[in-house]
Every structure is written in C-alpha cells, then in structure tokens.
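What follows is a set of notes on a single structure, which appears directly below.
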Ligand SMILES: [Zn+2]
C-alpha cells in the first residue's frame, strides 16, 4: 500500500476575501501581505531551515483555542484520538483544539467522494473562517477509523492540524520537482483544485531556489509539513511522503509563532 498524500486546498476568491477581513480583525499583522494577490512574498536566500507560514492567514500570536466538531458522528474513541493528535502541537505552542457539539471553527469530515473533497486536506490558518457554512468541512480525513495504524495518525492528522494552525507546505526541493511530470501535475491540480497551469507552476512546479518564503530557501524534508505529492503526478509513479511526525524544528517553529508564555490560549470569536 502506498501512503496517501495531502492535496493543498485553497478557498474560492469570495471565501478568501471574507477570511482575509476576519484575519485582519484577529491579527492586524496579517496585513503585511495579501495572499490573494501573491502566494509567496519575495525573500532572501539562505537562513535557517524552518516551516513556512502564510503570513496572511496567521492566528494571533497570543495563542488560539479552536473549537472542533465532527460532521459525520465518528465513535467517541476515534474523536478522542483525532483530538489528541491535533493537540500534539500544544506541546510547545499556545494552541488548543477543543471539541464542541455547537458551531465550530474546525469541522472535520471523512468523505471519500466527490473527488473534489475526498482525500486528506485542510484549509490554512484563518482561511478556515472563510468557509462560513457550518455544514461544510474545513478538514477532511478520508476513511479514518480506529483501525488506522498509529503512524498514520501522526503523519496525517498532525500534518492537517498544522495547516489549520497556519503552516503551509514546506518548500519543494529541486531534486523533488525534477521528478514531477508537468503535464500530469497540471491536469491533476486542474481537476482537484481548479488551478490554472500558472497556479500549478507557482505552487508545485517551482523549486525552492527560485521561490522563497519568509526569507528562507532551505526546506526541511523531514518536517511534518514537507510538501506531499501524489504518485499520480510523478514520473516514476512514487509519491513524495515527507515527514512522518512533528520534528524538533517543527515544534520550535510552532512555539515561535504562538509562544506559550504570553497568555492562555483564547477562543477565537
Ligand atoms: Zn498538506
């Protein structure tokens, strides 16, 4: 069995615009750049290895408490286990996912169809606020049950929770980009994301030495947020899996985004 990979999820323009307004209310420093216009800011070469974060979709540095609701009524033990793995980030960061049966910031489904929502994905950071209907998921964990191996809870659930906290995929390394079949990739992201060829070029096909974020160009291939790519778009048919758990650098970066000493996490309103 090959590992399933996460497919980047981007809200519609209208959803993004609403989410952007809310993101500015919550965290005025999100005004530093507009993701709607530009996905990656110009940066410098070099610097330490770290995750990238979407500045435009960051939760407040004071920490966050996000409510979570499961849309399809999974058993209690599974709900507990999913929350446990999402809360793994709370080891170093001032973040907390708490279950609710009412309106929730984070809504989790396990849909396997249609193709546009199947698979593993989450919207990034405050972009989840752009998905205003309480019946729509902000995260999908297709087919997750208690019989999934522990390693999949670490690899997938922690990764998707990382997106919800505002962490985007780690940069592509040149040696990985070289393995991608451009035509297959363009078709794949057209079907799955509605991306134009140009968007797929920017998001997936541009290696890290010509694209940079937050002033770094060196990706951490062992980061839990390392870019994941499905086998279907690779020349050799083998998926890029990325990190298998939150590593020390991920924990340190999460702590720097949402430091614990500031205050107790606050519920987002
Ligand atoms: Zn992902």
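Residue numbers (the working numbering): 77 to 345.
Don't be surprised by glycine CBs; every beta carbon is placed ideally from N, CA and C.
Range covered by the beta strand (DSSP E) that runs through residue i
| i | result |
| --- | --- |
| residue 143 | 140 to 146 |
| residue 196 | 196 to 198 |
Inter-residue Cα distance where the pair is residue i and residue j
| i | j | result |
| --- | --- | --- |
| residue 218 | residue 200 | 18 Å |
| residue 262 | residue 169 | 36 Å |
| residue 212 | residue 328 | 32 Å |
| residue 155 | residue 85 | 23 Å |
| residue 332 | residue 192 | 34 Å |
| residue 152 | residue 309 | 37 Å |
| residue 205 | residue 312 | 38 Å |
| residue 307 | residue 337 | 42 Å |
| residue 330 | residue 171 | 9 Å |
| residue 216 | residue 241 | 15 Å |
| residue 183 | residue 227 | 23 Å |
| residue 251 | residue 179 | 44 Å |
| residue 259 | residue 194 | 22 Å |
| residue 257 | residue 342 | 44 Å |
| residue 272 | residue 173 | 34 Å |
| residue 245 | residue 326 | 12 Å |
| residue 265 | residue 225 | 28 Å |
| residue 274 | residue 282 | 10 Å |
| residue 147 | residue 196 | 15 Å |
| residue 107 | residue 185 | 31 Å |
Residue i beta carbon near ligand 1 (any heavy atom closer than 7 Å)
| i | result |
| --- | --- |
| residue 210 | no |
| residue 181 | no |
| residue 82 | yes |
| residue 304 | yes |
| residue 245 | yes |
| residue 239 | yes |
| residue 161 | no |
| residue 235 | yes |
Beta-carbon spacing of residue i, residue j below 8 Å
| i | j | result |
| --- | --- | --- |
| residue 104 | residue 207 | no |
| residue 305 | residue 316 | yes |
| residue 321 | residue 254 | no |
| residue 39 | residue 141 | Limits of the chain in this structure are 77 at one end and 345 at the other, which puts residue 39 out of reach. |
| residue 162 | residue 243 | no |
| residue 229 | residue 314 | no |
| residue 102 | residue 136 | yes |
| residue 181 | residue 143 | yes |
| residue 175 | residue 159 | yes |
| residue 209 | residue 236 | no |
| residue 318 | residue 334 | no |
| residue 268 | residue 81 | no |
| residue 234 | residue 164 | yes |
Residue i: first and last residue of the uninterrupted alpha helix (DSSP H) it sits in
| i | result |
| --- | --- |
| residue 217 | No alpha helix (DSSP H) holds residue 217; the beta strand (DSSP E) holding it covers 215 to 217. |
| residue 253 | 250 to 253 |
| residue 173 | Premise fails: residue 173 lies in the beta strand (DSSP E), 171 to 175, not in any alpha helix (DSSP H). |
| residue 332 | 324 to 333 |
| residue 234 | 234 to 240 |
| residue 345 | Where residue 345 is concerned, there is no enclosing alpha helix (DSSP H), given that its DSSP letter is neither H nor E. |
| residue 183 | Per DSSP, residue 183 belongs to no alpha helix (DSSP H); it is in the beta strand (DSSP E), 182 to 185. |
| residue 274 | 273 to 276 |
| residue 298 | Neither: residue 298 is in no alpha helix (DSSP H) and is coded neither H nor E. |
| residue 153 | 152 to 162 |
| residue 102 | 89 to 102 |
Buried or exposed by the 16-neighbour rule on C-beta atoms within 10 Å, applied to residue i
| i | result |
| --- | --- |
| residue 189 | exposed |
| residue 30 | The requested residue 30 is not part of the displayed model; the chain covers only 77 to 345. |
| residue 324 | exposed |
| residue 203 | buried |
| residue 149 | exposed |
| residue 270 | exposed |
| residue 280 | buried |
| residue 220 | buried |
| residue 90 | exposed |
| residue 133 | buried |
| residue 223 | exposed |
| residue 95 | buried |
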